[in-house]
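Protein chains in written order, with UniProt numbering: chain X, 1 to 413; chain Y, 1 to 413; chain C, 1 to 154; chain F, 1 to 154.
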Ligand SMILES: Cc1ncc(COP(=O)(O)O)c(C=O)c1O
Ligand SMILES: Cc1ncc(COP(=O)(O)O)c(C=O)c1O
């Protein structure tokens, strides 16, 4: 059975009606938003959750003894339960709220990094987003940790044999790889990677920024030790991200930032830290955004991650087919398992010109190095154009994309 | 002229109408919200700015070549101009967006801290919030920096003579003190502190979390080198704060977190950093919240910081008067210059019981150590009750507070 | 209390009275079991001292620095557990926790809670359920008790 | 271009033509002034080489790897500055920047811009103002030019 035979199981009209922005026009054309991998649009449920919090029930949390503070604390802490269930984490106390995925990874590089010893190594892959690369470089330069790069195959899959070789000397303390590439769409074989890492005595971190959006995530089934994601790609607000880690690791790690709420007692001489997860949440957190992330998760789950995955698999297969027919178009990467992200180039047309001309026609895609410069170098490119899909994307939008690409090519050649 | 003669210059009815939450009831009583120092309520202008962004104009910023991204980038970067003007900063490029004040101070402790040498010292004061204490302890323990504590007087003012003594040996690299105490309400003599610090070769950081809300801030007139504040206390959303620092300092400081958007070029071997302020803004920032912070600043400035300051000075004087009449009530601190924050204790009634009984009557105050445990110890207390005022606070609310406190005292004694 | 002050439901007269004049405050001359509870959020603390006689609590004292809820909870706990076996005392504690945390007042589960686990005057704390931030004030003495009873020796 | 593709206003025929077939691509055998421009955001880069004769630009070549806007901007810049003095060339550059950044197309300020600063074919880039993220593509060659002219020697 070809993937093209997947039934489109979502009620797209009803879903799209939940996203006010999808009714907007851009350059007098209806908006075709194919840049969800950069950041997704927000459903009414999320917009209302934020507005209602600010309109009816808001105060600073945790230390307040009054009604508004108690209720806001409950709403905030309730999202920890939602996120734990969303990731199938063993405990709500393993959920740390951060600004975004980037901060979550920096937190691990700082605090778990402090437990690594000079001479130990961290392995990342050739297809990492800068968010899962630069923090490890900074750790390397600060702490004498070796940084090893697991190569990818020409098809855009992680080279597991090469990874095995990198793990062989037993020096690796952490394997930190993406669970889904934001450029190639590659979904990595997380369980296999975790097993290899664990067999070599290493912990494993998955950057789930892209993948949690598209499929059901189960950190226990994946064998993950750390998992990160970012709210704004999951139809939630900006300013909120998540680090999940095994409690035992969080307990052992020193705090990242100091301040209110992360302490147990403070004297000028010495402070002691609050329990996990609060040890890692210094200062007033993104209260309103966390509550809205909860609304996003509840909303996405009401649709169902499996239905979303099926819808996007259908769309992706359809798009790969349609784009192959565009003259001069070259799809970058042929991974074994791909999420709803497609990078491409076009002979004789620079990706920036593609993006601008699509934009003139109401179509939003991304062009550039996608915060993955070393991957671009590996691919021998300086930039690609990238179309990415969300649960609100429909087949007709892919048709508009493909048709417009044909015209752009005609225009330039 | 007594402060009680100040005219109440704000149109309080019109202002209160802008805050939907002020119409709520708590335990069947109208909400009297006197906990703004912990976090302020949000006007419609802020709520709408967030909702409108998500409804009509949103995408990830900086790297997008399409209309939604360009417009969102403009809105986000426009707030840098607004904040620069709000603080009278010399350049928009000196404005770094953070999650909150806590992160801003941690950023300085990490990145400016990296420029300090073992044996150098940082001076803080006895009345710091944990946010301006714990990061410096962590720096001390990590980098062999000495942490010196400038005492306060019994009235709750910074002891300038003692500060002078702490600076005398020329080892101090940074004086980091609050611009307004969240417990005592003390407004510190920033210019005098800056002059003393500079004369001793030290830089100076002011924690403006409380003070920017109440008065016009001019970082140049204050002679500040670093200044921090937090959006949620300034009637803005959670998840957004500000670090201002002189460009020369920001240029010299290494980055705090690594990731997308803060780099210039990345190879596996080496990355180079983007220019200031982007060097300090890794990953997708709190886009929606930054835009809403801009709305908050515009709204507050439309009322006028001077009018707000006058209103709050009037309220504070009125409250000090009214509270003095409550039997058994003791106001903590008599600083020379006080913002709209009053801490108090009551003979025979624990602050927590005060807070709970006020709450039963619809009145929200805070009770506890206010994230300033060492200050509590200095004052010989474990907790205080604290009432704090915002621009929407009215005299009648202070009357309700004072009357209810009399009844609480009767209830317990 | 004047009638305009709302809070009487929460601060039962018994709570106010015991916080003002505790009956079990102080220390034992010969404590066999000691436990401490501290709430880092507010600095409140309590120390519970016990003496046992034939596996029954024969004497209790507490030293408590805290709010009215915490003080009264310590004092009423002391009164309630006097004469119980350690197991019975801990069962009362479980039931007290359930009272504070659960949405409905727990009915006596048949068999599960014997008569000795009845809450009696501790029911005065039931309205705390509406003030979740204060629940730990009432639980603090029970935390100390648990610590006292989990130690094998002093 | 078919009529349904919107973008003709932005991608003037001149821009498309010059990006496809640049007239000033390549290197000079004896460059007196060299400047480089690089856009780290996208990796586009350009190298501008000049020869001067009696303080007038007598030869220009550019090597550009970039988008159509950047390529055409480099080529049309080369054409425009040929024969100008360095000062005149930089003035054209200023005026070009103003064209891209300001909300209204800059009128010729009396006296301020001489005839030689007229933009001519560079006016093709005016619609870029509506695509702010692309402005730096058009400015890149001018950045390189500025660098070339600010060096005292090669
Ligand atoms: C004086 C002072 N500094 C710092 C902070 C920390 O602010 P935030 O929690 O928003 O980081 C606060 C507020 O809690 C404060 O009052
Ligand atoms: C794979 C991957 N990792 C990390 C990130 C960083 O996410 P954020 O910018 O929200 O921190 C992104 C998105 O930009 C991503 O696609």
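Cβ coordinates follow ideal geometry from the N, Cα and C atoms, glycine included.
What does a CB cutoff of less than 7 Å around residue 69 of chain X pick up in its chain, not counting 5 residues either side in sequence?
So the qualifying residues of the chain are 59, 60, 61.
Does DSSP put residue 153 of chain X in a helix, a strand or coil?
Correct three-state label for residue 153 of chain X: coil.
At a Cβ threshold of 8 Å, is residue 37 of chain F touching chain X?
Not one chain X Cβ lies under 8 Å of residue 37 of chain F.
Looking at the secondary structure, which residues open and close the beta strand (DSSP E) in which residue 61 of chain Y lies?
That residue, residue 61 of chain Y, is in no beta strand (DSSP E); it is neither H nor E in DSSP.
Note down the Cα distance separating residue 93 of chain X from residue 69 of chain F, rounded to an integer number of angstroms.
Roughly 52 Å between the two C-alpha positions.
Within the 8 Å Cβ cut-off, does residue 10 of chain C reach chain Y?
So yes, residue 10 of chain C belongs to the interface.
Determine the chain X residues that contact residue 230 of chain Y at a beta-carbon separation under 7 Å, and present them in chain order.
284, listed in chain order.
Count the other C-beta atoms from every protein chain shown that fall within 10 angstroms of the C-beta of residue 191 of chain X, then say buried if there are 16 or more, exposed otherwise.
So residue 191 of chain X ends up on the exposed side.
Measure the alpha-carbon distance for residue 319 of chain X versus residue 149 of chain F and round it to whole angstroms.
In a straight line, the C-alpha of residue 319 of chain X is about 49 Å away from that of residue 149 of chain F.
Could you check if residue 217 of chain X is buried or exposed, using at least 16 other CB atoms within 10 Å of its CB as the buried criterion?
Result: buried.
Would residue 383 of chain X count as contacting chain F if we go by Cβ distances under 8 Å?
So, interface residue.
Along chain C, in chain order, which residues have C-beta atoms closer than 8 Å to that of residue 182 of chain Y?
Chain C residues near residue 182 of chain Y: none, gap ~17 Å exceeds 8 Å.
Go ahead and pull the three-state DSSP assignment for residue 80 of chain Y.
In the structure shown, residue 80 of chain Y sits in a helix (DSSP, three-state: H, G or I).
Would you say residue 216 of chain X lies against chain Y (beta-carbon separation less than 8 Å)?
False, the Cβ-Cβ gap to chain Y never drops below 8 Å.
If we ignore side chains and look at the alpha-carbon of each, how far apart do residue 32 of chain Y and residue 22 of chain Y end up?
If you take the alpha carbons of residue 32 of chain Y and residue 22 of chain Y, they lie about 8 Å apart.
Can you confirm whether residue 65 of chain X, when its beta carbon is compared against all beta carbons of chain Y, has any partner nearer than 8 Å?
Judged by the 8 Å Cβ criterion, residue 65 of chain X is in contact with chain Y.
Let me have the residue list for ligand 2: C-beta closer than 7 Å to any non-hydrogen atom, ordered along the chain.
Qualifying residues, in the order they occur: X/37, X/38, X/100, X/101, X/102, X/103, X/129, X/131, X/132, X/178, X/180, X/181, X/182, X/207, X/209, X/210, X/230, X/232, X/233, X/241, X/371, Y/259, Y/260, Y/283, Y/284.
Give the DSSP bridge partners of residue 203 of chain Y, in chain order.
DSSP lists Y/174 as partners of residue 203 of chain Y.
Should residue 70 of chain X be flagged as near chain C, meaning a C-beta pair shorter than 8 Å?
Output row for residue 70 of chain X: interface = yes.
Given that a residue counts as buried once 16 or more other Cβ atoms are within 10 Å of its Cβ, and exposed if not, what is residue 248 of chain X?
Per the 10 Å Cβ criterion, exposed.
Going by the CB atoms, is the gap between residue 51 of chain Y and residue 40 of chain X shorter than 8 Å?
Not closer than 8 Å, so no.
In angstroms, rounded to a whole number, what distance separates the CA positions of residue 215 of chain X and residue 65 of chain X?
Roughly 40 Å separates the two Cα atoms.
Reducing DSSP to helix, strand and coil, say where residue 63 of chain F ends up.
In the structure shown, residue 63 of chain F sits in a strand (DSSP, three-state: E or B).
Which residue wins for smallest C-alpha separation from residue 232 of chain X, given the options Y/84, Y/157, Y/286?
Looking at the Cα atoms, Y/286 is the closest of the given residues.
Which bits of chain C does residue 357 of chain Y rub up against, with CB to CB less than 9 Å?
Those within 9 Å of residue 357 of chain Y in chain C are 5, 6, 7, 10, 11.
Output, in chain order, the set of chain Y residues within a Cβ distance shorter than 7 Å of residue 339 of chain X.
What residue 339 of chain X touches in chain Y: nothing, since even the nearest Cβ is about 18 Å away.
Could you name the residues that DSSP lists as bridge partners for residue 268 of chain X?
Residue 268 of chain X is not bridged to any residue.
Along the chain, where does the beta strand (DSSP E) that runs through residue 36 of chain X open and close?
Per DSSP, residue 36 of chain X belongs to no beta strand (DSSP E) and is neither H nor E.
Tell me whether the region 149-165 of chain Y and the region 334-345 of chain Y touch, counting them as touching only if at least three CB pairs, one residue from each stretch, are closer than 8 Å.
Because the criterion of three Cβ pairs below 8 Å is met, the region 149-165 of chain Y and the region 334-345 of chain Y touch.
Taking Cβ positions only, does residue 195 of chain X come closer than 8 Å to chain F?
So, not an interface residue.
Given a threshold of 16 other Cβ atoms within 10 Å of its Cβ, counted over all protein chains shown, does residue 154 of chain C qualify as buried or as exposed?
No answer about residue 154 of chain C holds up, because its pLDDT of 43 lies below 50 and its placement is not dependable.
What residues from chain F crowd round residue 265 of chain Y, counting only those whose CB sits closer than 7 Å?
Near residue 265 of chain Y (Cβ distances below 7 Å), the residues of chain F are 40.
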